[in-house]
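Going down the list, the protein sequences come from chains X and C.
Residues 8 to 106 (the numbering used here) are what the first sequence spells out, left to right.
Residues 210 to 857 (the numbering used here) are what the second sequence spells out, left to right.
Down below is the structure, laid out as structure tokens.
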Amino acid sequence: MDPMNYIVLAAIVFTIGAVGVLVRRNAIIVFMCVELMLNACNLAFVAFARMHGGIEGQVIAFFVMVVAAAEVVVGLAIIMQIFRTRRSASIDDANLLKN
Amino acid sequence: MTSTLAADVHAATTAADGGVLSYAWLMIALPLLGAAVLLLGGRRTNAWGHWLAIAAALASFVWAVLSLGQLLGRAPEERSVTVQVYQWIQAGDFDIGLNLLVDPLSITFALLITGVGSLIHIYSVGYMADDENRRRFFAYLNLFVAAMLVLVLADNYAVLFLGWEGVGLASYLLIGFWQHKPAAAVAAKKAFLINRVGDIGLLISIMLLFTTFGTVAFHPVFGAVDGAGRGVMTAVGLLLLLGACGKSAQLPLQAWLLDAMEGPTPVSALIHAATMVTAGVYLIVRSGPIFEAAPTAQLVVTIVGAATLLAGAIIGCAKDDIKKALAGSTMSQIGYMTLAAGLGPIGYAAAIAHLVTHGFFKAGLFLGAGSVMHAMNDEVDMRRYGGLRTAMPITFATFGVGYLAIIGVPFLSGWWTKEGIIQAAFDSGGLTGQILGWVTVLGAGLTAFYMSRIMFLTFFGEKRWADGAHPHESPTTMTVPMIILAVGSAALGAVLVVNYTLGRFLAPVVGAPAHEFDLVHMLTSPYSLAALALMVVGVAYAWLRYARGEVPVTAPKGNFVTVAAREELYGNAINEGLFMRPGQQLTKAAVAFDDHAVDGVVNGVARSVRAASENLRLVQTGFARSYALTMLFGAAVVVVTTLGVSFA
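Pasting the structure below:
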């Protein structure tokens with residue numbers, strides 16, 4: 008097993024996520040892209056853990072999953088509220104602080 | 210110097226031992242209480258306020274007379290009595306008690322102030338009868354009497370300064386008493402400001418005395434004068450003179466006195482003729498030991514006196530406003546006193562004697578002028594008077610006695626005391642003595658001319674009255690004080706000068722008279738005869754011009770001397786050109802510096818911060834995606850840097 012393949016895959020997934028965050032306006036999609044980036048990180052952690060035979064990377068991957076789950080709960084709730092009040096899920100519309 | 214240094218006699222004082230003298234502070238407290246009641250009591254005291262004020266002034270006078278009696282009962286060398294009232298300031302070595310010094314000099318002043326003051330209080334009842342603010346007027350008069358008594362009874366320079374400022378305040382309030390008249394308000398401010406210049410001089414001299422001697426009380430300072438450097442003493446003397454010039458309207462701080470005539474006439478009589486303006490002479494005589502240690506300062510004092518003597522007389526010759534002509538005369542007469550005070554011990558008694566008689570005849574003349582104005586609907590232009598002697602016989606008689614006294618008709622008050630000054634000036638010896646002496650003789654001639662001019666324009670000649678003028682004699686409250694002052698103007702000089710009664714009385718303070726009293730010498734000395742001759746010439750010239758000749762109702766153009774004298778010898782123009790304009794330029798420059806330089810720095814910093822934040826604000830677009838891009842970019846920079854550092 009060549010860890011390099013996993014690292015390359017993680018990098019590709021991360022890039023897809025990052026580009027998605029930057030170019031998409033729909034908050035749900037942006038959110039999913041953030042999840043993609045987190046999972047790319049997880050993949051990299053696990054790959055390095057296997058490579059070094061240690062357990063720390065796998066533990067960190069679990070932590071990230073827990074945090075991501077919590078984040079989904081809070082983030083989706085916020086998106087729901089914004090959608091309810093503004094009838095839009097576009098993140099460009101959520102610019103009240105600027106004005 | 211023929212007599213002892215006054216410092217020697219100044220060395221000893223005795224404490225008051227009960228009786229009248231221990232309560233000398235009552236002299237000050239009574240008028241002060243009167244002023245407080247009238248000012249705080251408000252309208253409730255309108256009905257009887259002026260009687261209370263008169264009672265306070267009279268009570269003070271009675272106390273002064275009783276104190277004089279007590280002093281006369283003591284041996285001459287024990288006539289300096291200190292009365293401790295209370296501890297005023299105590300800070301380390303600096304120790305000032307609010308102590309009073311009752312000695313022959315201060316009691317002479319106290320009698321003059323309370324005596325003439327009481328008469329003028331009584332006169333004011335009639336003069337201010339129609340004024341709705343009469344109560345306030347009497348309150349200020351009482352305040353003035355109290356402050357003036359603080360000034361003369363103080364036993365140290367700090368308390369003297371307290372009274373000095375007090376009379377300045379009272380003078381300001383009374384000059385501007387009719388503050389609805391802009392001229393009066395401006396005159397009050399002018400008097401206050403010019404006096405401030407003099408006050409600074411006095412204040413600095415007091416500070417110098419403290420740093421030199423560690424005390425500001427009279428006797429310790431005078432006792433230590435001999436040990437101090439001549440330079441310091443000269444500085445102190447000149448600064449004291451500056452203070453005296455401000456208060457006594459001597460050159461170069463004379464400009465306020467003529468404008469001060471905007472105040473009610475009793476004020477002009479009391480403050481700007483009889484008492485307050487003589488405070489400068491008092492200061493110089495009281496500080497005699499300091500001036501004796503500083504001959505340069507003494508010389509400057511005589512020069513100032515001589516110059517003011519002539520300047521005041523010249524101004525008095527040309528003014529058509531009766532009060533301003535009399536004010537010029539006051540300047541001139543105080544010039545006489547200042548000159549005499551600058552001569553040292555031979556002149557002190559002469560200065561004080563002339564001060565006392567001047568207080569009487571000049572107050573009488575001013576009250577006469579007030580009486581005439583009262584009768585002529587407040588007209589002050591003498592070209593609108595004329596022929597008033599039949600309409601106002603009592604005023605004419607009393608004014609006439611004052612007039613004869615001031616021009617120096619033999620055996621009337623003014624002659625006795627003015628001769629004393631002329632004699633002292635010639636006796637001081639040397640070329641300076643000759644010059645000063647001839648200035649005083651010339652002054653006598655000028656005095657005769659300008660006073661005769663006032664007399665003839667007002668009471669003689671044709672009637673040049675304005676339409677609707679119905680002159681009438683003044684009420685009794687006004688004529689009685691005038692009569693009393695006229696009696697004083699006639700007789701007081703003889704009482705004070707024959708056998709040098711006043712000189713001997715003052716000897717413990719100012720030194721004994723230089724020589725024996727000699728009436729024949731007084732009458733026949735060439736200087737006396739010269740003064741007499743000039744007097745006759747002055748009167749005769751004035752008679753020709755103003756009693757026999759036609760007097761036009763509007764003033765003719767006059768030659769350049771007349772014009773200059775009417776303009777008060779350009780004193781105001783000089784002040785304006787030398788001080789006011791540059792002062793205004795200076796304040797303008799200071800304001801500009803503040804606006805542009807000081808504020809410029811502050812505003813510039815604020816402006817640049819604001820501009821920076823304006824630009825910085827543009828970064829915050831409000832688009833979450835642009836923030837995300839920034840974060841990504843930042844994260845990339847961090848990663849690249851970390852990699853670069855770890856592989857480098």
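Think of the CB as a built atom: it goes at the ideal place given N, C-alpha and C, for glycine as much as any other residue.
Every value quoted in this text rests on a predicted model; they were computed, and no experiment measured them.
Consult DSSP for residue i and reduce its assignment to one of helix, strand or coil.
| i | result |
| --- | --- |
| F620 of chain C | coil |
| D468 of chain C | helix |
| N812 of chain C | helix |
| A220 of chain C | Low confidence applies to A220 of chain C: its pLDDT is 43, below 50, so where it sits in the model is not reliable enough to give any reading. |
| D408 of chain C | helix |
| T291 of chain C | strand |
| W752 of chain C | helix |
| L382 of chain C | helix |
| Q88 of chain X | helix |
| W257 of chain C | coil |
| T851 of chain C | helix |
| I615 of chain C | helix |
| E725 of chain C | coil |
| Q65 of chain X | helix |
| F635 of chain C | helix |
| M789 of chain C | helix |
| Q388 of chain C | coil |
| N102 of chain X | coil |
| V20 of chain X | helix |
| H681 of chain C | coil |
| R673 of chain C | coil |
| E759 of chain C | coil |
| P690 of chain C | helix |
| P765 of chain C | coil |
| A458 of chain C | coil |
| V495 of chain C | The amino acid occupying residue 495 of chain C in the given sequence is Arg; Val does not appear at that position. Helix at R495 of chain C. |
Can you grab the Cα-Cα spacing for the pair residue i / residue j, in whole Å?
| i | j | result |
| --- | --- | --- |
| D804 of chain C | V814 of chain C | 15 angstroms |
| A612 of chain C | W260 of chain C | Per the sequence presented here, residue 612 of chain C reads as Tyr, with Ala not at that position. Each residue's Cα considered, the two are about 31 angstroms apart. |
| G553 of chain C | P791 of chain C | 38 angstroms |
| P761 of chain C | K533 of chain C | 19 angstroms |
| A96 of chain X | I85 of chain X | 11 angstroms |
| L753 of chain C | R592 of chain C | 16 angstroms |
| S414 of chain C | W387 of chain C | 35 angstroms |
| L310 of chain C | L358 of chain C | 11 angstroms |
| A319 of chain C | L230 of chain C | 13 angstroms |
| M575 of chain C | T539 of chain C | It is Phe, not Met, that sits at residue 575 of chain C in the sequence shown. Computed Cα separation, rounded: 10 angstroms. |
| P285 of chain C | I316 of chain C | 14 angstroms |
| E725 of chain C | N708 of chain C | 8 angstroms |
| F842 of chain C | D808 of chain C | 43 angstroms |
| E42 of chain X | G60 of chain X | 26 angstroms |
| H219 of chain C | L705 of chain C | Confidence at H219 of chain C is low in this model, with a pLDDT of 46, below 50, so the placement of that residue should be treated as unreliable; the coordinate-derived value is given next. C-alpha separation (whole angstroms): 23 angstroms. |
| H828 of chain C | V73 of chain X | A small correction: the amino acid at residue 828 of chain C is Val; His does not occupy that position in the sequence shown. So the two alpha carbons sit approximately 34 angstroms from each other. |
| G642 of chain C | A549 of chain C | 11 angstroms |
Can you check DSSP and say which residues form a bridge with residue i?
| i | result |
| --- | --- |
| G306 of chain C | C:Q296 |
| N365 of chain C | C:A426 |
| N342 of chain C | N342 of chain C is not bridged to any residue. |
| N33 of chain X | X:S97 |
| D530 of chain C | C:D590 |
| V311 of chain C | C:V290 |
Please list, in chain order, the chain X residues whose beta carbon lies closer than 9 angstroms to that of residue i.
| i | result |
| --- | --- |
| L841 of chain C | A25, V28 and L29 |
Which bits of chain X does residue i rub up against, with CB to CB less than 8 angstroms?
| i | result |
| --- | --- |
| R790 of chain C | What R790 of chain C touches in chain X: nothing, since even the nearest Cβ is about 58 angstroms away. |
| L838 of chain C | L29 |
In chain C, what lies closer than 7 angstroms to residue i by C-beta?
| i | result |
| --- | --- |
| N102 of chain X | G831 and F832 |
| I98 of chain X | A833 and R834 |
Q) Are at least three pairs of beta-carbons, each pair with one atom in the region 470-486 of chain C and one in the region 421-434 of chain C, less than 8 angstroms apart? A) By the Cβ test, the region 470-486 of chain C is not in contact with the region 421-434 of chain C, since fewer than three Cβ pairs between them sit closer than 8 angstroms.
(Q) I'd like to know if the region 689-700 of chain C and the region 713-724 of chain C are in contact, where contact means that at least 3 CB-CB pairs between them fall below 8 angstroms. (A) Touching, no, given that fewer than three Cβ pairs across the two stretches are closer than 8 angstroms.
Q: Take every Cβ of the region 532-547 of chain C, pair it with every Cβ of the region 791-802 of chain C, and state whether three or more of those distances are shorter than 8 angstroms.
A: Touching, no, given that fewer than three Cβ pairs across the two stretches are closer than 8 angstroms.
Q: Would you check if the region 234-252 of chain C and the region 349-369 of chain C touch, i.e. whether three or more CB-CB distances between them fall below 8 angstroms?
A: Enough Cβ pairs lie closer than 8 angstroms, so yes.
Q) Any contact of the region 608-627 of chain C with the region 513-520 of chain C, i.e. 3+ C-beta pairs under 8 angstroms? A) Of all C-beta pairs linking the region 608-627 of chain C to the region 513-520 of chain C, fewer than three are shorter than 8 angstroms, placing the two stretches out of contact.
Q: For the region 686-697 of chain C and the region 777-787 of chain C, state whether three or more C-beta atom pairs, one from each stretch, are separated by less than 8 angstroms.
A: Under the Cβ criterion (8 angstroms, minimum of three pairs), the region 686-697 of chain C does not count as touching the region 777-787 of chain C.
Q) Within the chosen definition, does the region 298-309 of chain C reach the region 337-352 of chain C through at least 3 CB pairs nearer than 8 angstroms? A) Contact between the region 298-309 of chain C and the region 337-352 of chain C is absent: fewer than 3 CB-CB pairs across the two stretches fall below 8 angstroms.
Q) Is the region 449-464 of chain C touching the region 401-409 of chain C, taking contact as three or more C-beta pairs under 8 angstroms? A) The way I'd put it, the region 449-464 of chain C does touch the region 401-409 of chain C; three or more beta-carbon pairs between them come closer than 8 angstroms.
Q: Would you check if there are 3 or more beta carbon pairs closer than 8 angstroms linking the region 395-403 of chain C to the region 459-468 of chain C?
A: Yes, the region 395-403 of chain C touches the region 459-468 of chain C.
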